[in-house]
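Trainee:
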Amino acid sequence: MDANLAKKSAIKLLSFDIDNTLIDFHTYKSNFRKVWKKYKPSRDVLLTYNTGRLIDDVLHLIETRVLPEPDYIISGVGTHIYNFKTKSLVKEFNDVLDDGWNLEAVEEVIKNIEHPISDQPTKFQHSYKRSYFFHNATVASIESVEQGFVNANMDINVVYSGDKFLDILPKFANKGNALQWLLKKLDIKSSETLVAGDSGNDSAMFDLRDVKGIVVANAHEELYQYTKHRQVYHSEKEKSDGIIEGLVYYEILSEDAIIASNVDHTDDFFIKQELSHVADEDEDEKVAFIREGYKKAIDALKKNITPLGFSACSIKDNVAHGTDENYYSVWARDGAITVIGALPLIYKDEEIHQCARQTLITLFEHISRNGQIPSNVRIKDNIPDYSGVGGICSIDSGIWVVIAFYEYVNVTKDIEFLRKYISDIKETMRWLGAHDSNNDALLEIPEAGDWTDLFGRSYNILYDEILWYRSNVCFGRMLEMLGDSEQAGEFIRWSQVIKKEIVQNFWPSTQQQLFQSVSFAEKQFTLGDTSYLIAQTTPFDFSWRCDVFGNVLAFLHGTIDAEKAHQTFRFMLGVGVNDPFPVANVYPVVSPGDPDWRPYYTVNLLNLPNHYHNGGIWPFVGGFWVKFVNKLGFKEMAISELYKLAQINKEGITEEWEFTEWAHGTTGKPMGKAYQAWSAAQYISACHDLKIIKK
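Every number in this note's numbering is 949 more than the matching position in the sequence shown, counting from 1.
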């Protein structure tokens, strides 16, 4: 077993803050109880709440089924320890707190401090804790409070959190010391302990030697700054969903817990209709056909193995003319997506594994002096090209390679391979970041500068911003693997800024809170609401079209939550993006006369309505679509969609099972090149995602 995995599996006790960590402070919303009850580990892991709330408050949350039953409760910011099994306080701990604690003296010192400090309600006070409101206190003002107690010859503990909460406690009392005392009593090592929190009063838990940690995405800057040198997992999700994500990372919960945290929409009338259609189908027949396609997909993928890595399409089975010769290359985008799709095979087929690895090596060997990943590398002479049609730079190529490299090392745990290329990846991230020229966290993309290379999108494009978010997460995770917690935390935190900007800019709402200074596009958002992330925004206008691939990736990569993803899924089902096959890349298509129409859409007759990037069906996107449906929790529907995907992959121009590049959006007739590597690879990935193929 990998050393890191061994450390994960050794965890014996969890110590989690409650407010804005396990539950939302205002609404009490939380997925933790539901998920913990269903996926609670079979091995003995003690659950402890470590909170500023008083014990009666916590017991009420348990009685009202907001939280599951724990083993211990550390309450009052580390001033009480409660054994939930025996329903009693651990009195030995309070004997420790009595030393040097004088409640009346504490109140006298606070009364004489010249700061706007006010009492918190009585329910937050007890014999070992005095709590106050002190809004937006500076470091200097907190130090002056501490000095007031020094001047009074009192050795106490001052805890400030959330930019407003001031707690005065006995000198030994804080969440960390109370936890350490409990661990000693239970004979559990701090290295066998996992802690989690969101604010400054949680920081003491992270002080324990070799303790593991989870910092949720909504954590205050004070906790991030305090923990950035420590061994922590920075979650991409907030509150309870972030805790569930962290528990999956530390292998305390299974990956199925992520799906279980989603909202159940099986009672939705529209979804019921879809599920009833699926129920009428013969599942055994579908699965048999899907498995036949799986074998054919491996054969198709192997047709793309070359000495430099995966080709975009089979060189032997396609005749190229003119610019089509560039298909005979290792493409950064195609290759990266193929590597990601082929990952389930790397321990089954050494030839595919080595080709996946070589694809990444070839691309990094040709990185430019300023960090740009080549658009493609020609197989016949190993010559790189850094642009596409018309000399336009491909921005998403480099982003996909960063993501694919992370996915590869995350599966293989090949830290030496990661260490060899991490400096190159850092240069690529710097090059990509330079495309955020106005420092608003979003990249500015040139027209036709991504995978839709003859389609007129530009500036802030949903698809590219989703990938930009994901690449920052992936780079942060790679730095975590190398032990660089500080830089890792910075990139994970920056990814959250990108995520917020994406939702703010691409999910229009009449309820949106606008800034005082707004762009033209932001003003237009007040005209209506949508059920999906729109395709594009610029300083001057925006596109209301639904970029199907971008919206699918948004949920798969965690940029939007399951509730928004469900709205999107419902919309896309309603307009038939998966009919006749999964899945058309954009809705609605652009027609002549539309303001978005470009004269060059007629070049090679590629981007006519329902063709190519203008509403064509892309089987490789269909693979992501199947995973999207499955992540929403609709496995039966996902199987049905995978069956349809197998059908379009079987359709061929000259023979069956050609895994063609794309198909006409309404007729479903296959078009483009045969034996497309990413079409085959993403079909393989979807099969494994649904667990139709055993590992």
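Ideal placement from N, C-alpha and C gives every residue a C-beta, glycine not left out.
By how many angstroms is the C-alpha of E1095 removed from the C-alpha of F1083?
Mentor: 14 Å
Trainee: Using 9 Å as the threshold, is the C-beta distance between A1153 and N1126 below it?
Mentor: yes
Trainee: Kindly indicate which three-state DSSP category H1384 falls into: helix, strand or coil?
Mentor: coil
Trainee: With a cut-off of 8 Å, do at least 3 Cβ pairs link the stretch 1622–1636 to the stretch 1589–1605?
Mentor: yes
Trainee: Return the Cβ separation of Q1485 and N1409 in integer angstroms, given the expectation that the two are a contact with Cβ distance under 8 Å.
Mentor: About 7 Å; that satisfies the 8 Å criterion.
Trainee: Check G1564 in the structure and name its three-state DSSP category.
Mentor: strand
Trainee: Quick test of your reading: N980 and S1189, contact by CB under 8 Å. State the CB separation rounded to the nearest angstrom.
Mentor: 5 Å
Trainee: So I1163 and G1111 are in contact, right, with Cβ under 8 Å, and what is the actual spacing, rounded?
Mentor: 18 Å between Cβ atoms; not a contact.
Trainee: Measure the CB-CB distance between Q1625 and F1583 and report whether it falls below 9 Å.
Mentor: Contact: no.
Trainee: Using only the alpha-carbon positions, how far apart do E1600 and I1415 sit?
Mentor: 31 Å
Trainee: When you compare each of G1258, G1027, I1091 and H1178 to K1113 by their alpha carbons, which one comes out closest?
Mentor: I1091
Trainee: Give the secondary structure of D1363 by DSSP, where H, G and I count as helix, E and B as strand, and everything else as coil.
Mentor: coil
Trainee: Determine contact between the stretch 1601–1608 and the stretch 1539–1555, defined as no fewer than three beta-carbon pairs at a distance below 8 Å.
Mentor: no
Trainee: How close, in whole Å, do the beta carbons of Q1321 and G1339 come, if the pair is a contact with beta carbons under 8 Å?
Mentor: The pair is not a contact, with the Cβ atoms about 17 Å apart (cut-off 8 Å).
Trainee: Is the stretch 1251–1260 in contact with the stretch 1362–1371, if contact means three or more CB pairs nearer than 8 Å?
Mentor: Short answer: they don't touch.
Trainee: Restricting to Cα atoms, I'd like to know which of T1287, C1342, F1491 and W1574 is closest to P1531.
Mentor: W1574
Trainee: Would you list, in sequence order, the uninterrupted beta strand (DSSP E) runs of no fewer than 3 residues that lie entirely inside the stretch 1568–1641?
Mentor: none
Trainee: Start and end of the beta strand (DSSP E) containing Q1074?
Mentor: Q1074 -> no beta strand (DSSP E), and no H or E assigned at all.
Trainee: Counting pairs of Cβ atoms below 8 Å between the stretch 1093–1107 and the stretch 999–1010, do you hit three or more?
Mentor: By the C-beta criterion, the stretch 1093–1107 is judged not to be in contact with the stretch 999–1010, since fewer than 3 inter-stretch pairs fall below 8 Å.
Trainee: Report buried or exposed for L1554, applying the criterion of at least 16 other Cβ atoms within 10 angstroms of its Cβ.
Mentor: Burial call: exposed.
Trainee: What are the boundary residues of the beta strand (DSSP E) that includes G1162?
Mentor: K1161 to V1164
Trainee: Between the stretch 1281–1290 and the stretch 1255–1268, do three or more beta carbon pairs fall short of 8 Å?
Mentor: yes
Trainee: When we look at the beta-carbon of N1061 and count the other beta-carbons within 10 Å, is it buried (16 or more) or exposed?
Mentor: exposed
Trainee: Using the Cα positions of T1311 and R1379, report the straight-line distance between them to the nearest angstrom.
Mentor: If you take the alpha carbons of T1311 and R1379, they lie about 20 Å apart.
Trainee: I'd like the list of long-range same chain contacts for L1581, defined as Cβ closer than 7 Å, with 5 residues on each side in sequence excluded.
Mentor: Only residues of its own chain outside the window of five on either side were considered, and among them N1211, A1511, A1514, H1515 and F1518 have a CB closer than 7 Å to the CB of L1581, listed in chain order.
Trainee: Pull up the CB-CB distance for W1130 and F1073, whole angstroms please, since I reckon it's below 8 Å.
Mentor: With a beta-carbon spacing of about 22 Å, W1130 and F1073 fall beyond the 8 Å limit used to define contacts.
Trainee: Check for me: the beta strand (DSSP E) holding W1493 runs from which residue to which?
Mentor: Counting along the chain, the unbroken beta strand (DSSP E) around W1493 starts and ends at F1491 to D1496.
Trainee: Cα separation between E1204 and V1197?
Mentor: 6 Å
Trainee: Can L1381 and L1391 be called in contact, C-beta distance under 9 Å?
Mentor: no
Trainee: Whole alpha helix (DSSP H) runs in the stretch 1103–1177 with 4 or more residues, listed along the chain?
Mentor: 1124–1135 and 1170–1176
Trainee: What did DSSP end up calling P1548 once you bin it into helix, strand or coil?
Mentor: helix
Trainee: Can you tell me which of the three DSSP states T1401 falls into?
Mentor: coil
Trainee: With a threshold of 8 Å on Cβ separation, who are the neighbours of Q1069 within its own chain once the five nearest residues in sequence on each side are excluded?
Mentor: S1080, Y1081, F1082 and F1114
Trainee: Looking at C-beta atoms only, is the number of pairs between the stretch 1560–1568 and the stretch 1399–1409 that lie closer than 8 Å three or more?
Mentor: yes
Trainee: To the nearest angstrom, how far is it from the Cα of F1464 to the Cα of L1411?
Mentor: Residue confidence for F1464 is low, a pLDDT of 46 falling below 50, so the modelled location carries little weight; the figure read from the coordinates is stated next. About 21 Å.
Trainee: Just how far apart, CA to CA, sit F1424 and A1246?
Mentor: 30 Å
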